[in-house]
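Chemist: Below is the structure I would like to discuss, written out as structure tokens.
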Amino acid sequence: MSVRRSRRLLVGLLAAITIGCLAAAAVVFAVGWRHPEPPRLAVLGVPPPARAQRAFAVATQWFDAENRGDVARMQALACAHPSESVTGWIDTIRYYGQDQGLIYTDALTEFRDSGSSVWVKVAVRIHPIDDRMKREVEEEQARGGFFYEVLALADEGGALKVCDVELPKAGR
């Protein structure tokens, strides 16, 4: 009878341990359960107007020509009567090439169309070539900002041409 009693105690002990483990697992599961975040509203990007797309394409072509030192292409992309900043930019590329940093367009951030002219603000990435530009890029990246280029384009016979540029600005 003592064997039977010890067996019954052992079965009871194992049942108690099993119930205790199940209760502990239920507590861990209930406390540790992470409910998924509610679904976020997906923002659908509306495609920009065709003229904005053309303006961005001209800006991209302008900076590509600058990166390659292609003065003829920059002149072809310039309007009939460009500002001094545009002619100065082209002359700098003609005489010195691109010696500070390569500019890559990322996004059109602002666009204004007044019919005969277009104003665009383009977010750009700059791959520095010289030490000064490397410091500028590192400082701006530490602040989490972007570089922007602003161009004024004229509509000349249906083609957008670069007429004015502003100096690159960080974070604005």
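Mapping the sequence shown onto the working numbering, position 88 (from 1) lands on 774, and the numbers just tick up by one.
Think of the CB as a built atom: it goes at the ideal place given N, C-alpha and C, for glycine as much as any other residue.
Since the model is a prediction, treat every value here as computed from it, not as a measurement.
Please name the residue, chosen from S769, R798, A701, I815, that lies closest to Q739 on a Cα-to-Cα basis.
Modeler: The candidate whose alpha carbon is nearest that of Q739 is R798.
Chemist: Going by beta-carbon coordinates alone, are L837 and A745 separated by less than 7 Å?
Modeler: Going by C-beta atoms, L837 is nearer than 7 Å to A745.
Chemist: Just verifying my parser: in three-state terms, what is the DSSP assignment at E842?
Modeler: Residue state, collapsed to three classes: strand.
Chemist: Could you tell me the alpha carbon to alpha carbon distance between A758 and R737, rounded to whole angstroms?
Modeler: Cα to Cα, A758 sits roughly 24 Å from R737.
Chemist: Taking C-alpha atoms, which residue in R691, S688, E852 lies nearest to G774?
Modeler: Of the listed residues, the one whose Cα sits closest to G774 is E852.
Chemist: Find the nearest neighbour of A845 within the set R691, A741, V697, judged by alpha-carbon distance.
Modeler: Out of R691, A741, V697, A741 has the C-alpha closest to the C-alpha of A845.
Chemist: Check whether the Cβ of F833 sits closer than 6 Å to any heavy atom of the ligand FMN, and report yes or no.
Modeler: The ligand FMN is absent from the structure shown, which contains no ligand whatsoever.
Chemist: Comparing C-alpha positions only, which one of L794, F749, S800, G801 sits nearest to I776?
Modeler: Of the candidates L794, F749, S800, G801, the one whose C-alpha sits nearest the C-alpha of I776 is F749.
Chemist: Taking the straight line between their C-alpha atoms, what separation do you get for E835 and P733?
Modeler: Roughly 21 Å separates the two Cα atoms.
Chemist: For G706, count neighbouring Cβ atoms within 10 angstroms of its own Cβ and tell me buried if that reaches 16, exposed if not.
Modeler: The residue is exposed, with fewer than 16 neighbouring Cβ atoms inside 10 Å.
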